[in-house]
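Below is one structure; the comments refer to it alone.
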Ligand SMILES: NC(=O)c1ccc[n+]([C@@H]2O[C@H](COP(=O)([O-])OP(=O)(O)OC[C@H]3O[C@@H](n4cnc5c(N)ncnc54)[C@H](OP(=O)(O)O)[C@@H]3O)[C@@H](O)[C@H]2O)c1
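In structure tokens, the structure reads:
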């Protein structure tokens, strides 16, 4: 273990998209391990669209602290432990921040990770918040039935790529929206989609009618905004919409104004429900078992976009909002 702990500190909030200017690289001492804590050497850091929300200049329960390592999920190895139930050599995932070493208590640990089950970095993606969000929002909010048409936005992303495969296994007609021809191909060839539309080049209204001739029964919405405005017009009566992300809305200050959807909701009796993964922890164990079993049976594909070195993390995050990621964005710190 070295004595220096490289960190990426958040130095300013933003109401728009995060850029590398919002962070600075710093060197701190590796902390001592206190009672009821563990010291973790981070192996992989996560970059997530949610970090934009944590960086907004609005006091909220999830806001990241200025001058601290950027709030982030990570996975690493326990190198010192004074916490019952955790031993040196265990792998753990949790709120460890954008830094090389994290000194954390039980509240910051999400779970232990078994390297024999799957590569440890999957605990940040397909066996982390992305896979869990895909599984739980699909099962508990949309609950699609065989034969229904399910639409997914950001279809080739870390969440969307899992939703496509899970919904296909349920016998749905699965259609994806995504932002490049390469992602359209991946959605169709790797991630279970029967059809995929490049929303940047297609006329969305007519492309949706062609890909979903019987209308849309369920919409797994990762992006919101103008795309959702068009989708709402194509929802079937009693359709369900899970609001899982709002990636297409660059800023909520000022709140953007668009078409009013209330009439669609009323006359079609639509059900539109939000979803925040950390309010569903009671579902994690069952969902993880199901996802891990599918991976082990070779029934679930996932991709990773891996950057090397802590200093790459701000760029990795910026690229995520530009759509320049094929799969889960990770920052690798240890060979
Ligand atoms: N509610 C929760 O608890 C929860 C938990 C995890 C994730 N999420 C949300 O789920 C969504 C997907 O997350 P992820 O980690 O899997 O990320 P991801 O889909 O792998 O990556 C983000 C993607 O967003 C799309 N995007 C970016 N700007 C866009 C724009 N202006 N219009 C439309 N699409 C745009 C891009 O895909 P294209 O190239 O296809 O446009 C980009 O690749 C995010 O909105 C995230 O916040 C929510």
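Residue numbers (our numbering): 187 to 521.
Note that the Cβ used here is the ideal one computed from N, Cα and C, for glycine as well.
Values in this document were obtained by computation on a predicted structure and should not be read as measured data.
{"Asked": "Is it the case that the Cβ atoms of residue 227 and residue 520 are separated by a distance below 8 Å?", "Found": "yes"}
{"Asked": "Taking 7 Å as the cut-off, is the CB of residue 236 close to at least one heavy atom of ligand 1?", "Found": "yes"}
{"Asked": "Does the beta-carbon distance from residue 332 to residue 362 come in below 8 Å?", "Found": "no"}
{"Asked": "Secondary structure at residue 296, three-state DSSP: helix, strand or coil?", "Found": "strand"}
{"Asked": "Using the DSSP secondary-structure output, state which residues sit across from residue 457 in a beta bridge.", "Found": "426"}
{"Asked": "How far does the beta strand (DSSP E) with residue 439 in it extend, from its first residue to its last?", "Found": "Per DSSP, residue 439 belongs to no beta strand (DSSP E) and is neither H nor E."}
{"Asked": "Report buried or exposed for residue 202, applying the criterion of at least 16 other Cβ atoms within 10 angstroms of its Cβ.", "Found": "exposed"}
{"Asked": "Applying the 10 Å Cβ sphere with the 16-neighbour rule, what's the burial state of residue 444?", "Found": "exposed"}
{"Asked": "Please go through the same chain and pick out, in chain order, the residues whose beta-carbon is closer than 6 Å to the beta-carbon of residue 258, but skip the five residues on each side of it.", "Found": "231, 232, 283, 284"}
{"Asked": "Could you check where the beta strand (DSSP E) with residue 505 kicks off and where it finishes?", "Found": "It is not in any beta strand (DSSP E) - residue 505 instead sits in the alpha helix (DSSP H) that spans 499–507."}
{"Asked": "What span of residues does the alpha helix (DSSP H) with residue 237 cover, start to end?", "Found": "236–240"}
{"Asked": "Count the C-beta pairs between the region 479–491 and the region 321–331 that are closer than 8 Å, then say yes if the count reaches three, no if not.", "Found": "no"}
{"Asked": "Given that a residue counts as buried once 16 or more other Cβ atoms are within 10 Å of its Cβ, and exposed if not, what is residue 360?", "Found": "buried"}
{"Asked": "I need the straight-line Cα distance from residue 287 to residue 305, nearest angstrom please.", "Found": "20 Å"}
{"Asked": "Within this structure, are the beta carbons of residue 420 and residue 456 separated by less than 8 Å?", "Found": "no"}
{"Asked": "Counting pairs of beta carbons, one from the region 486–496 and one from the region 466–475, are three or more of them closer than 8 Å?", "Found": "no"}
{"Asked": "Using a threshold of 7 Å, is the CB atom of residue 224 nearer than that to any non-hydrogen atom of ligand 1?", "Found": "no"}
{"Asked": "Taking the straight line between their C-alpha atoms, what separation do you get for residue 428 and residue 318?", "Found": "14 Å"}
{"Asked": "For residue 319, which beta-bridge partners are listed by DSSP?", "Found": "The partner list for residue 319 (beta bridge, DSSP) is empty, contrary to what the question assumes."}
{"Asked": "Helix, strand or coil, according to DSSP, for residue 421 in the structure here?", "Found": "strand"}
{"Asked": "I'd like to know if the region 213–225 and the region 233–244 are in contact, where contact means that at least 3 CB-CB pairs between them fall below 8 Å.", "Found": "no"}
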